[in-house]
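A.B. asks:
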Ligand SMILES: Nc1ncnc2c1ncn2[C@@H]1O[C@H](COP(=O)(O)OP(=O)(O)OP(=O)(O)O)[C@@H](O)[C@H]1O
Ligand SMILES: [Mg+2]
């Protein structure tokens, strides 16, 4: 098993300039390592959906994943918090390392992992509970708060950070689903940050929203990256260009190019990325 | 080449006619079903309502030493045949319990014989002409009339129609259903939760699933045989008891509850589960805090419908001995008892004409409870349904 991994690593290193690292560095970005992925392969039954993915994701940045539909962006994102465990017939090989630990190892508790790697889904999915409960539920479950006052404070802070507080402070006990789509999505972001994770995964968080809500959430991502590592999937090139420090381009289950966002959009290093970005493709 | 509106309309006309025909057919079917229901209810009401009234006559009752020995002596000879024998037999005990009665005599409304009851209700009766005359005279003086039948709702079965009541069967049904509920609800819900939320999708779970679906379709009498073999012969649970009846019905209700619960769980949208997993819930927390609350109305509705079905079951209970003559109201789940449908079955077989109305009255009671249960299911569903 170990030998094979080393062999794969060797093979991959020949085709890539520096394994897992972006082609061009973004000098404004932070470069502490958050998640290291090496030779990640994933199969749904017989069909391979991810092939030899190598990527270093840095802390307190926004990293955008782009690529044509079906190229494996969501699948890759789900590898990072092991949501793929919920899908039957998934087989994963390779390394996803966080804090020096392989997230797929047997001793890793996926509950602990998901506490440190939160997720925001494409379609807003608040719990069918009150706005307050949506936020307070997970911290209470993880024993982050016990006293009611602490809980109130935590709810307020999470909603403040998600930029939703002013809109909902008078109706905290109304159902979360009574909010508009954009508000619901910010509620889901507040829910994710309430447990103080290190990483927040967002799978097309604005694809179901109107332009104004989208802009609000983009601003929010910009603000939140001071505290959290954000990895987001988007089909919107402008959005990636606006919010991301680094951008990764996927194609047919492969990571084709991982680059500084500015370079990626002005001067992509691969033909496929260029075709995709300029709209000749996908 | 495109078609004109007229051409399209001409084709559509046929289609519209077809759908109109279908609509009339289905409305006809519905009407027919409704008609049968109305006829059934009207028939039951017509036959059963008289059972809720019972003839009483006002006679002189003498509480004496003599009537202590020979209860018949308590009433005058001319009305002796018109007073319920069963009631007369209770006199000595009444006097023992209330010694101050001894030596008195007074006018009292007492339970009339079943034949008087039938006569007053205008049915065939075995009374002879003299007796009929006396009854007519009493009725004219306002001393013989139909009154609300408390006996029917407060006593157990009896061979004398005027003393036969539904209470022991109703209590038996309640106790049996409580046992059924206590056993089948937790086991059924947990089984469904395991199969739906935890079990891997492999051969074994598929086989289990097929078997559960099969169980739901097995004739209920086989569950009776199973109950007889397992509970009575193997575990030694007392025959005819609500315990064995309830356990047997639980076997039958289990697949219904499992299937209803699985359907309810499946209707909970997956994105709720994803949201819960996403914030770090364990599988059990996802189920307990997020999935079950949403599935609860469906689970309760399914369970109540399962129980209502169990309540109407007779065949498996015949096998475990719950069709018995039970004059006493049983006090615990291990006493011999009978249930409503079994009681109805017993009465339906009685040769005495007076039991016809008892049978119909029992059916009315059973239907009322059934309707109440199903209405509860609807109310619960409405109350707990929170699709937000
Ligand atoms: N649950 C699943 N079972 C089987 N195959 C799947 C499953 N989910 C995704 N796939 C397959 O894996 C490949 C990658 O899918 P994925 O959802 O990751 O794409 P994506 O890049 O997120 O696409 P999109 O931009 O449309 O969301 C696709 O070919 C898809 O058919
Ligand atoms: Mg996707």
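Chains as they are written, first to last, in my numbering: chain A, 2 to 283; chain B, 225 to 612.
C-beta atoms are modelled at their ideal positions from N, C-alpha and C, and glycine is treated no differently.
1. Please determine, among B:444, B:271, B:563, the residue with the shortest C-alpha to C-alpha distance to residue 553 of chain B.
2. Kindly say whether residue 522 of chain B, judged by its beta-carbon, lies nearer than 9 Å to any beta-carbon of chain A.
3. So which of A:200, A:80, A:189 has the shortest CA-CA distance to residue 229 of chain A?
4. So, with DSSP's three-state summary, where would you put residue 561 of chain B?
5. Could you give the first and the last residue of the continuous beta strand (DSSP E) run that contains residue 219 of chain A?
6. Check whether the Cβ atoms of residue 385 of chain B and residue 338 of chain B sit closer than 9 Å, and answer yes or no.
7. Can you give me, in chain order, the residues of the region 402 to 435 of chain B that have a beta carbon less than 9 Å from any beta carbon in chain A?
8. Report yes or no: do three or more beta-carbon pairs, one from the region 481 to 489 of chain B and one from the region 406 to 419 of chain B, lie closer than 8 Å?
9. Starting from the Cα of residue 359 of chain B, find the closest Cα among B:283, B:555, B:514, B:268 and give me that residue.
10. Between A:247, A:242, A:255, A:93, which has its C-alpha nearest residue 279 of chain A's C-alpha?
11. Give a yes or no on whether the minimum CB-CB distance between residue 509 of chain B and chain A is below 9 Å.
12. May I have the straight-line CA-CA distance separating residue 191 of chain A from residue 265 of chain A, to the nearest angstrom?
13. Is residue 10 of chain A close to chain B, meaning its C-beta is less than 9 Å from at least one C-beta of that chain?
14. How about residue 608 of chain B: is its C-beta nearer than 9 Å to some C-beta of chain A?
15. By Cβ distance below 7 Å, which residues in the same chain neighbour residue 133 of chain A in space, the five residues on each side in sequence not counted?
16. Can you tell me the Cα-Cα spacing of residue 218 of chain A and residue 188 of chain A, whole angstroms?
17. Please classify residue 107 of chain A: is it buried, with 16 or more other beta-carbons within 10 angstroms of its beta-carbon, or exposed?
18. Give every residue of the same chain whose Cβ lies closer than 8 Å to the Cβ of residue 198 of chain A, excluding the five residues on either side of it in the sequence, and list them in chain order.
19. Going by beta-carbon coordinates alone, are residue 464 of chain B and residue 560 of chain B separated by less than 9 Å?
20. For residue 133 of chain A, verify whether its CB is less than 8 Å away from any heavy atom of ligand 1.
21. Fully enclosed by the region 307 to 388 of chain B, which alpha helix (DSSP H) runs are 4 residues long or longer?
22. Using only the heavy atoms of ligand 2, determine whether one of them is closer than 8 Å to the beta carbon of residue 494 of chain B.
23. Residues of chain B with a CB under 7 Å from the CB of residue 87 of chain A: which are they?
24. Taking residue 1 of chain A as part of the alpha helix (DSSP H), name the residues at either end of that continuous run.
25. Can you find the residues in the same chain that come closer than 7 Å, C-beta to C-beta, to residue 295 of chain B, ignoring five residues on each side of it along the sequence?
26. Are residue 245 of chain A and residue 76 of chain A close, meaning C-beta to C-beta below 9 Å?
27. Which class does residue 66 of chain A belong to by DSSP, given the choice of helix, strand or coil?
28. Could you check how far apart the C-beta atoms of residue 183 of chain A and residue 211 of chain A are, in whole angstroms? I think they sit under 8 Å.
29. Check whether the region 507 to 516 of chain B and the region 591 to 602 of chain B touch, using three or more Cβ-Cβ pairs below 8 Å as the test.
30. Please state whether DSSP places residue 442 of chain B in a helix, a strand or coil.
31. Could you name the residues of chain A that residue 518 of chain B contacts, counting a contact when the two beta carbons are closer than 9 Å?
32. According to DSSP, is residue 119 of chain A part of a helix, a strand, or is it coil?
33. Go ahead and pull the three-state DSSP assignment for residue 199 of chain A.
34. How would you call residue 238 of chain B, buried or exposed, if buried means at least 16 neighbouring beta carbons within 10 angstroms?
35. Between which two residues does the alpha helix (DSSP H) containing residue 292 of chain B stretch?
C.D. replies: Judging by the given coordinates:
1. Taking the second chain and counting its residues from 1, the one referred to as residue 553 of chain B is at position 329. It is B:563 whose Cα lies nearest to the Cα of residue 553 of chain B.
2. Against the second chain, residue 522 of chain B aligns to sequence position 298. Residue 522 of chain B does not count as touching chain A.
3. The residue you call residue 229 of chain A lines up with position 228 of the first chain. Of A:200, A:80, A:189, the residue nearest in Cα terms is A:200.
4. For the purposes of this step, residue 561 of chain B is taken as residue 337 along the second chain, with counting starting at 1. Looking at residue 561 of chain B - three-state DSSP - the assignment turns out to be coil, as it is neither helix nor strand.
5. Here residue 219 of chain A is taken as the residue at index 218 of the first chain, counted from 1. Not the beta strand (DSSP E): residue 219 of chain A falls in the alpha helix (DSSP H), residues 212 to 225.
6. Within the second chain, numbered from 1, the residue matching residue 385 of chain B stands at position 161. Within the second chain, numbered from 1, the residue matching residue 338 of chain B stands at position 114. Closer than 9 Å, so yes.
7. So the list reads 424, 425, given in the order they occur along the chain.
8. Inter-segment contact for the region 481 to 489 of chain B and the region 406 to 419 of chain B is present: three or more beta-carbon pairs are separated by less than 8 Å.
9. For the purposes of this step, residue 359 of chain B is identified with residue 135 of the second chain, where counting begins at 1. Among B:283, B:555, B:514, B:268, the Cα nearest to that of residue 359 of chain B is on B:283.
10. By one-based count along the first chain, residue 279 of chain A stands at place 278. Closest option to residue 279 of chain A, Cα to Cα, is A:242.
11. Taking the second chain and counting its residues from 1, the one referred to as residue 509 of chain B is at position 285. Yes, its Cβ sits closer than 9 Å to a Cβ of chain A.
12. Within the first chain, numbered from 1, the residue matching residue 191 of chain A stands at position 190. Within the first chain, numbered from 1, the residue matching residue 265 of chain A stands at position 264. So the two alpha carbons sit approximately 30 Å from each other.
13. The residue you call residue 10 of chain A lines up with position 9 of the first chain. Residue placement at residue 10 of chain A is flagged as unreliable, the pLDDT there being 42, under the threshold of 50; the coordinate-derived value follows with that caveat. False, the Cβ-Cβ gap to chain B never drops below 9 Å.
14. The count along the second chain starts at 1 and reaches residue 608 of chain B at position 384. No, because no Cβ of chain A sits closer than 9 Å to the Cβ of residue 608 of chain B.
15. On the first chain, residue 133 of chain A is found 132 positions in, with the first residue counted as 1. Counting only Cβ-Cβ distances below 7 Å, and skipping sequence neighbours, we find 156, 173, 174.
16. Translated into positions along the first chain, residue 218 of chain A becomes position 217. Translated into positions along the first chain, residue 188 of chain A becomes position 187. Looking at the two C-alpha atoms, the distance is approximately 11 Å.
17. On the first chain, position 106 is the one that residue 107 of chain A refers to. Result: exposed.
18. Here residue 198 of chain A refers to the residue found at position 197 of the first chain. 116, 117, 118, 119, 229, listed in sequence order.
19. If you number the second chain from 1, residue 464 of chain B lands on position 240. If you number the second chain from 1, residue 560 of chain B lands on position 336. A contact, by the Cβ cut-off of 9 Å.
20. Position 132 of the first chain, counted from the first residue, corresponds to residue 133 of chain A. No heavy atom of ligand 1 is found nearer than 8 Å to the CB of residue 133 of chain A.
21. Whole alpha helix (DSSP H) segments, 4+ residues: 309 to 313, 315 to 321, 338 to 344, 353 to 364, 374 to 378.
22. For this step, residue 494 of chain B is matched to residue 270 along the second chain. Answer for residue 494 of chain B: no, Cβ out of range of ligand 2.
23. Residue numbering aside, residue 87 of chain A sits at position 86 when the first chain is read from its first letter. Counting only Cβ-Cβ distances below 7 Å, residue 87 of chain A has contacts in chain B at 501, in chain order.
24. Because chain A here runs from 2 to 283, residue 1 of chain A falls outside it and cannot be looked at.
25. Here residue 295 of chain B refers to the residue found at position 71 of the second chain. If we look at residue 295 of chain B and ignore the five residues flanking it on each side, its Cβ neighbours are 312, 313, 315, 316.
26. For the purposes of this step, residue 245 of chain A is taken as the residue at position 244 of the first chain. For the purposes of this step, residue 76 of chain A is taken as the residue at position 75 of the first chain. Contact flag unset, no.
27. To locate residue 66 of chain A, count along the first chain from 1; it is residue 65. Looking at residue 66 of chain A - three-state DSSP - the assignment turns out to be strand.
28. The residue you call residue 183 of chain A lines up with position 182 of the first chain. The residue you call residue 211 of chain A lines up with position 210 of the first chain. Between the beta-carbon of residue 183 of chain A and that of residue 211 of chain A there is about 7 Å, and that keeps the pair under the 8 Å contact cut.
29. At 8 Å Cβ cutoff, the stretches do not touch.
30. In the second chain, counting from the first residue as 1, residue 442 of chain B sits at position 218. Here residue 442 of chain B carries a coil assignment [DSSP, helix/strand/coil].
31. One-based indexing of the second chain puts residue 518 of chain B at position 294. Residues of chain A whose Cβ lies closer than 9 Å to the Cβ of residue 518 of chain B are, in chain order, 129.
32. In the first chain, counting from the first residue as 1, residue 119 of chain A sits at position 118. It is a strand residue.
33. Position 198 of the first chain, counted from the start, is the residue given in the question as residue 199 of chain A. DSSP, read as helix, strand or coil, puts residue 199 of chain A in coil.
34. The residue you call residue 238 of chain B lines up with position 14 of the second chain. The residue is exposed, with fewer than 16 neighbouring Cβ atoms inside 10 Å.
35. The sequence position of residue 292 of chain B within the second chain is 68, counting from 1. Under the DSSP assignment, residue 292 of chain B falls in the alpha helix (DSSP H) whose first and last residues are 289 to 293.
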